[in-house]
Amino acid sequence: MGFYKNDATLKAASLTPKRPIKALSPPVTPLGNLAKSYNAIGGLVDRLGAVTGIETLAALAVWMVESGGRPFTQGKPVMRFENHVFWDRWGVDNPKTFDAHFVFGGHGADGRRWEGHKWRAKAGDPWASFHGDQAKEYDVYHFARTLSGVEPAAQSASWGGTQVMGFNCGLIGYASAFDMVNAFARDLRWQVLGFFDFCRSAGLVDKIKTHEWVRFGDGYNGAGGGAVYGPKLKAIHDLKKQFDALPRS
Numbered sequence: 014m015g016f017y018k019n020d021a022t023l024k025a026a027s028l029t030p031k032r033p034i035k036a037l038s039p040p041v042t043p044l045g046n047l048a049k050s051y052n053a054i055g056g057l058v059d060r061l062g063a064v065t066g067i068e069t070l071a072a073l074a075v076w077m078v079e080s081g082g083r084p085f086t087q088g089k090p091v092m093r094f095e096n097h098v099f100w101d102r103w104g105v106d107n108p109k110t111f112d113a114h115f116v117f118g119g120h121g122a123d124g125r126r127w128e129g130h131k132w133r134a135k136a137g138d139p140w141a142s143f144h145g146d147q148a149k150e151y152d153v154y155h156f157a158r159t160l161s162g163v164e165p166a167a168q169s170a171s172w173g174g175t176q177v178m179g180f181n182c183g184l185i186g187y188a189s190a191f192d193m194v195n196a197f198a199r200d201l202r203w204q205v206l207g208f209f210d211f212c213r214s215a216g217l218v219d220k221i222k223t224h225e226w227v228r229f230g231d232g233y234n235g236a237g238g239g240a241v242y243g244p245k246l247k248a249i250h251d252l253k254k255q256f257d258a259l260p261r262s
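First residue of the sequence shown? That's 14 in my numbering, and the numbers climb one at a time after it.
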């Protein structure tokens with residue numbers, strides 16, 4: 014089974030839709046953000062939907078929930094650095110250095126592993142939060158690279174519009190997390206193809222096709238993730254009637 018990212022037809026398919034949605038006002042509403050996302054990647058999502066059976070709006074729901082509707086900046090794909098994954102990938106073998114700079118839930122902070130993330134550049138400095146601010150996320154990622162090297166740090170973050178974890182690079186056809194990051198940084202095309210490759214490799218196509226949002230969330234974000242992400246995905250997908258009724262150019 015080949016990867017979608019290597020399919021010549023998909024590599025040449027238009028990223029943008031033939032009939033984009035006319036501009037909405039205000040664009041910051043969920044429906045407005047959906048329209049912006051569709052206009053940016055809808056052509057390729059439609060094409061992949063025809064191949065996989067995954068509904069365009071279902072794929073866009075994941076894109077919206079995972080990226081928060083943030084726009085693409087070439088060279089800096091949307092990302093989230095995960096302290097607990099960095100512990101697993103590097104810190105467990107370097108605990109003294111890790112503990113001087115990072116905490117997460119159950120390891121220097123309250124909450125579950127994916128909660129309570131804070132960092133500091135120098136031991137003794139106050140701990141600082143960073144999630145929700147892309148500039149700060151990149152500061153933490155680049156700092157982590159100075160400790161571990163490129164690959165463990167790249168493996169420890171989620172990347173792109175649908176936030177594929179770096180350590181899942183092999184599932185979407187990349188030899189390394191850093192290769193995946195570089196592709197995602199160049200063009201939204203590789204982020205879209207990466208999402209569909211991940212769904213197929215991880216056995217999630219049937220769950221998203223049938224709108225099993227909680228089960229899809231568990232598979233996509235790890236056990237328990239569905240309880241958090243499932244309702245958010247459903248809320249976006251519930252906009253289907255309004256989305257389908259939007260005027261097209």
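For each residue, glycine too, the CB sits at the ideal point set by N, CA and C.
Residue(s) in a DSSP beta bridge with residue i
| i | result |
| --- | --- |
| TRP120 | For the record, residue 120 in the displayed sequence is His; it is not Trp. PHE117. |
| LYS131 | VAL116 |
| TRP172 | MET92 and VAL177 |
| ALA141 | TRP132 |
| ARG158 | Answer by DSSP bridge pairing: none, since ARG158 is not bridged. |
Own chain partners of residue i with C-beta closer than 7 Å, once the 5 adjacent residues on each side are dropped
| i | result |
| --- | --- |
| PHE278 | In the structure displayed, the chain extends from 14 to 262; residue 278 sits before or after that span and is not available. |
| GLY112 | In the sequence as presented, Gly is not what sits at residue 112; that position holds Asp. Once the five neighbours on either side are set aside, the close Cβ partners of ASP112 are GLY121. |
| ILE54 | LEU28, LEU201 and VAL205 |
| HIS250 | LEU70, ALA71, ALA74 and HIS224 |
| TYR190 | According to the sequence provided, residue 190 is Ala. The question's Tyr does not apply to it. GLU164, ALA167, GLN168, GLY179, PHE180 and CYS182. |
Three-state class that DSSP yields for residue i in the structure shown
| i | result |
| --- | --- |
| ALA167 | helix |
| ARG261 | strand |
| TYR187 | coil |
| LEU266 | Absent from the structure is residue 266, since the part of the chain shown begins at 14 and ends at 262. |
| PRO30 | coil |
| GLU225 | coil |
| GLY230 | helix |
| ASN195 | helix |
| PHE16 | coil |
| ALA236 | coil |
| ASP200 | coil |
| LEU23 | helix |
| LEU246 | helix |
| ASP251 | coil |
| ASP146 | coil |
Same chain only: Cβ atoms within 6 Å of residue i, ignoring 5 sequence neighbours per side
| i | result |
| --- | --- |
| LEU246 | ALA74, VAL78 and TRP226 |
| PHE85 | LEU201 |
| LEU61 | PHE209 |
| ASP231 | GLY238 and GLY239 |
| VAL98 | SER169 |
| ARG125 | GLY118 |
| SER214 | LEU184 |
| LEU37 | GLY45 and ALA48 |
Same chain, Cβ closer than 8 Å to residue i, neighbours up to 5 away in sequence not counted
| i | result |
| --- | --- |
| TRP140 | VAL116, LYS131, TRP132 and ARG133 |
| ASN234 | VAL241 and TYR242 |
| GLY216 | GLY232 |
My parser needs the beta strand (DSSP E) runs of 3 or more residues fully inside the stretch 34-104; what are they?
92-94
Mind the definition here: the stretch 100-109 touches the stretch 77-91 only if three or more C-beta pairs lie below 8 Å; say whether that holds.
no
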